[in-house]
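Okay, so here's the structure we're looking at.
In UniProt numbering, the protein residues as written are 1 to 113.
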């Protein structure tokens, strides 16, 4: 099951986020900081799947954006990896620039997940 979905830039700033369980604001900030640090510190040659605390992180990079999905241990990593790619393709078809996806991001995530 998907726990959270993040869109992060290369500077480590969270641009968009969606949580599927209640998480307190201060814990969200701490979690996002740790997740972002884990993903941004990896090289392009390393795997896009990371074991992280109680869940797995699956991420993909598109230009200057990273899409990071946190899932539980039972989720299939390749399925989520392809889900991220399909999600970005749908956003790309509906928006001319990924930077302007705020409303579409939430509408699309709510309809998919």
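Ideal placement from N, C-alpha and C gives every residue a C-beta, glycine not left out.
In this text the structure is predicted, and so the values were computed from the model without any measurement.
From the listed residues 49, 24, 29, 19, the smallest Cα separation to residue 80 is found for 49. Secondary structure at residue 1: coil, using DSSP grouped into helix, strand and coil. With a contact defined as Cβ atoms closer than 8 Å, residue 18 and residue 4 qualify at about 7 Å.
Under DSSP, residue 20 forms no beta bridge with any residue. By the 16-neighbour rule on beta-carbons within 10 angstroms, residue 78 is exposed. By the 16-neighbour rule on beta-carbons within 10 angstroms, residue 2 is buried.
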